[in-house]
Amino acid sequence: MPEIPVVDLSNMGLHQGRITKELDEAFSTVGFVYLKNHGIDQKKVDNVFEASRTFFQLPEDIKKGYPRDNERFDGYTGRDQEILEDSSVHEVREAYDVTSPTGFYPDDSVPQFRPAICELAHSLCQLTVDLLKCMALALGLDEDYLSSRHQHIFHGVDKNGTILRSLYYPSLSGDDIQPGVVRCGEHSDYGTVTLLLQDDMGGLEVLSGSEWIAADPIPGAVLVNLGDLMQFWTSDRYRATVHRVRVPEIEIRRRSPRHSIAFFVQPDNGVMISALDGSQKHPPVESLAYLKLRLSETYKTGELSRNIAGLLEFIMKTLLSGKLTKLLTPSVIRYGLLLLLTVQNTATVLCMRASMINASATNQKYVVSTLVLTMETIKVVILLALIVIVESSCSLRKAMTLLYDEIVCRPYDTLPLAVPSFLYVVQDNLIVYALSCVDATTYQVTYQLRILTTAIFARMLLNKIIPVKRWLSLVLLMLGVILTQVHFSKDSGIFSFRTGKEGPAYVLGLVSILCATLTSGFAGVYNEKLIKNGQQPLLLIRSIQLSLFCLFFAFLGVLLKDGRLVNTQGYFYGYSPLVWLVAAMQAVGGIIVAGTMKYADNILKTFATSISIVMSCIFSYYLLGDDNLTATFIVGTVAILFATYLYSVATVQTAKPAEPIKS
Ligand SMILES: O=C(O)CCC(=O)C(=O)O
Ligand SMILES: [Fe+2]
Numbered sequence: 001m002p003e004i005p006v007v008d009l010s011n012m013g014l015h016q017g018r019i020t021k022e023l024d025e026a027f028s029t030v031g032f033v034y035l036k037n038h039g040i041d042q043k044k045v046d047n048v049f050e051a052s053r054t055f056f057q058l059p060e061d062i063k064k065g066y067p068r069d070n071e072r073f074d075g076y077t078g079r080d081q082e083i084l085e086d087s088s089v090h091e092v093r094e095a096y097d098v099t100s101p102t103g104f105y106p107d108d109s110v111p112q113f114r115p116a117i118c119e120l121a122h123s124l125c126q127l128t129v130d131l132l133k134c135m136a137l138a139l140g141l142d143e144d145y146l147s148s149r150h151q152h153i154f155h156g157v158d159k160n161g162t163i164l165r166s167l168y169y170p171s172l173s174g175d176d177i178q179p180g181v182v183r184c185g186e187h188s189d190y191g192t193v194t195l196l197l198q199d200d201m202g203g204l205e206v207l208s209g210s211e212w213i214a215a216d217p218i219p220g221a222v223l224v225n226l227g228d229l230m231q232f233w234t235s236d237r238y239r240a241t242v243h244r245v246r247v248p249e250i251e252i253r254r255r256s257p258r259h260s261i262a263f264f265v266q267p268d269n270g271v272m273i274s275a276l277d278g279s280q281k282h283p284p285v286e287s288l289a290y291l292k293l294r295l296s297e298t299y300k301t302g303e304l305s306r307n308i309a310g311l312l313e314f315i316m317k318t319l320l321s322g323k324l325t326k327l328l329t330p331s332v333i334r335y336g337l338l339l340l341l342t343v344q345n346t347a348t349v350l351c352m353r354a355s356m357i358n359a360s361a362t363n364q365k366y367v368v369s370t371l372v373l374t375m376e377t378i379k380v381v382i383l384l385a386l387i388v389i390v391e392s393s394c395s396l397r398k399a400m401t402l403l404y405d406e407i408v409c410r411p412y413d414t415l416p417l418a419v420p421s422f423l424y425v426v427q428d429n430l431i432v433y434a435l436s437c438v439d440a441t442t443y444q445v446t447y448q449l450r451i452l453t454t455a456i457f458a459r460m461l462l463n464k465i466i467p468v469k470r471w472l473s474l475v476l477l478m479l480g481v482i483l484t485q486v487h488f489s490k491d492s493g494i495f496s497f498r499t500g501k502e503g504p505a506y507v508l509g510l511v512s513i514l515c516a517t518l519t520s521g522f523a524g525v526y527n528e529k530l531i532k533n534g535q536q537p538l539l540l541i542r543s544i545q546l547s548l549f550c551l552f553f554a555f556l557g558v559l560l561k562d563g564r565l566v567n568t569q570g571y572f573y574g575y576s577p578l579v580w581l582v583a584a585m586q587a588v589g590g591i592i593v594a595g596t597m598k599y600a601d602n603i604l605k606t607f608a609t610s611i612s613i614v615m616s617c618i619f620s621y622y623l624l625g626d627d628n629l630t631a632t633f634i635v636g637t638v639a640i641l642f643a644t645y646l647y648s649v650a651t652v653q654t655a656k657p658a659e660p661i662k663s
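So for the sequence shown, the UniProt record's numbering puts the first residue at 1; every next one is plus one.
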């Protein structure tokens, strides 16, 4: 089993050659290394642990008086405010960030916090510079090449985005110990290097190949790992290794908190990180821009989600004023979101289907491609309004500059989005068309096959390892879908495929859904690849970039596919109020759901889809007269729901349940 190497830094001046070689070896393999005899006085570390403990043990109200500032990157972050990994249910963690000696500290409550941190930060800066020099030499660069790009470490975000973070993982209560609860989800760090000091609790794990290895604390040692920017700089020669913090068994038994101090080093603002070897493996990024990008992904309080979530919270708080506010616990928010996702999904599908049935009945069929274009237009208008109001303080001019800077001036980031946008437009056309041929429930269950296509594309394009449990659930999923397509005749006792009975339009509908699962799977994986390559702008900006492309492709769709028809019967032919409702719902719903996605982990999404399938089943039976509720259909649907559930739980790291405390 690979291990994290230990490098002895004593007499660094004398042994620089050896040390450089050992660090180079560690960074190009595991990406993590323990440093001992690094010269940092343990007393300084203990002082920070001590002051932090005093702070984190303060009542929540007081801690919340020092909230983390999204612009300055310093202050207190409470439980459940950040998520590093989408599939985590909760990441039970609190933190206090600081970025300079003169920044924002809880001086009134814990006066010793600032001096303790400043002293330690000073030593950590020195150690960082030593490390950067060794790395530069190992990479065949001038000794000062890297350190000269880190001249303002811990001078505040105006100059440098380095963050010293005191992390506190409070002791878990009974409710917390459930599947999907982790301390810190899987992630790579963002900057150049991270220096980590841990207490004696352990729980940190490092991904090496396909294995997780423990990075348990070694007394007195500093643990160092590299971040994304170092990997980009070195064209992957050095690794930004993925790591996570789980809840170790001992912690569950001891029920005591864990504490660590991380020094996330970032190059100075304005430094462009472009491959040292001149390769194009990663496009150039600017230090602060990349940090902001990754932080906005981490904080669920970022951009659009912040605004929508804040709005929801505000409305709910106003409605439930006074003591009732306490009702607004994370689980209430979770269930609220579950409801939102379910209603959006069910209502859109049912209304779309209803609009189709209506159109056939009145013989006023609207043109599918125009509905997609109308939807995209509404979306773009709303997004533009949001950008003007939220991101540009209601100034049109500011909004134009922002859009120009973010879209036109960044062709590298913008152009790759044409691919998913194109696929989304194709997919929307396929889905609207499919719903004119098959009933809402059949569409919903068959469309679940996108889990399968996503898994296959992830395997092929991202080289993801798919655990056996997931493959098994995919097999069950396929069997379920096949069952929903089987018809059993009681009279003759024969099984037959529904396609035979329903006719060619139905088959075309099914084929459209299957094609939509392909575009959906591919677009999902492609987006993941974009994120991995560090090309993920702010959420609102990304949404508008995507939507503008979609608008373009949707327009092309109308022109090329239905140009003549639109010309003769008019663009808005067949647009009943219901059709307008569908378009508006798709657009608004899509934005809200995208904005709150950060809150919704995989399990939540799975539940929302499952409830939505059941609801579609019931509503389309009673309201739309779609009668496909045969025994085989129901069994197939149950199998699909179960497979979906199995698939989603197979991804989540499970905190082992507490063992009974033996006395
Ligand atoms: O607390 C730890 O041990 C590691 C935390 C970490 O990896 C992070 O915050 O990036
Ligand atoms: Fe980390």
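Every residue gets a Cβ at the ideal spot worked out from N, C-alpha and C, and that includes glycine. These numbers come from a predicted model, not from an experiment.
- Inside the stretch 329–367, DSSP marks whole alpha helix (DSSP H) runs of 4 or more residues at positions 330–362, from first to last along the chain.
- Bridge pairing for Q198: S260 [DSSP].
- In the DSSP assignment, Y424 falls within the unbroken alpha helix (DSSP H) covering A418 to C437.
- In the structure shown, the three-state DSSP call for I40 is coil.
- Counting other Cβ atoms within 10 Å of its Cβ, Y190 reaches 16 or more and is therefore classed as buried.
- The alpha-carbon separation between G493 and I451 amounts to approximately 33 Å.
- In this structure, L483 sits away from T644, with a CB-CB distance that is not shorter than 8 Å.
- In this structure L195 touches F263 by the C-beta definition: roughly 4 Å separates them, less than 8 Å.
- Chain order is used for the residues whose beta-carbon lies nearer than 6 Å to a heavy atom of ligand 1, namely L167, C184, D189, L196, Q198, L204, H243, V245, S260 and A262.
- A distance below 8 Å separates the beta carbons of I541 and E406.
- Judged by their CB atoms, V566 and Y366 are not nearer to each other than the 8 Å cut-off.
- The stretch 49–66 makes no contact with the stretch 17–29; the number of CB pairs closer than 8 Å stays below 3.
- Per DSSP, the continuous beta strand (DSSP E) segment holding L204 begins and ends at L204 to S208.
- Taking 7 Å as the cut-off, the C-beta of T194 counts as close to a heavy atom of ligand 2.
- H15 has its Cβ no nearer than 7 Å to any heavy atom of ligand 2.
- By the Cβ test, the stretch 109–129 is in contact with the stretch 35–46, since at least three Cβ pairs between them sit closer than 8 Å.
- Pairing V222 with A215 gives a Cβ-Cβ distance that is not under 8 Å.
- The closest heavy atom of ligand 2 lies less than 7 Å from the beta carbon of H187.
- Between the stretch 54–66 and the stretch 131–144, the count of C-beta pairs closer than 8 Å stays below three; the two stretches do not touch.
- DSSP places Y443 inside the alpha helix (DSSP H), whose first and last residues are A440 to Y447.
- Counted as a single uninterrupted DSSP element, the beta strand (DSSP E) harbouring S496 occupies residues I494 to F497.
- At the C-beta level, I611 and V445 stay beyond 8 Å of one another.
- If the five residues before and after M12 are omitted, its C-beta is found closer than 7 Å to the C-beta atoms of I19 and D130, all from its own chain and listed in chain order.
- Cβ-Cβ separation between L9 and K36: approximately 7 Å, consistent with a contact (criterion under 8 Å).
- Proximity of the stretch 459–471 to the stretch 371–389 falls short of the contact definition, fewer than three beta-carbon pairs being nearer than 8 Å.
- In this structure the stretch 515–533 lies against the stretch 408–425, because at least three pairs of beta carbons, one per stretch, are closer than 8 Å.
- Excluding the 5 residues flanking it on each side, K133 has same chain C-beta neighbours closer than 6 Å at E143 and S147, in chain order.
- Assignment of G227 by DSSP, reduced to helix, strand and coil, places it in the coil class.
- Rounded to the nearest whole angstrom, the C-alpha separation of S188 and N429 is 37 Å.
- The DSSP-derived three-state label of T453 is helix.
- Take the alpha-carbon of V507 and the one of I378: they are about 32 Å apart.
- DSSP, reduced to helix, strand and coil, places H122 within a helical segment of the structure shown.
- Taking the CA atoms as reference points, S512 sits about 9 Å from L435.
- Shown here for Y412: same chain residues with a beta carbon closer than 6 Å to its own, the five before and five after excluded, namely P283 in chain order.
- Secondary structure at A608: helix, using DSSP grouped into helix, strand and coil.
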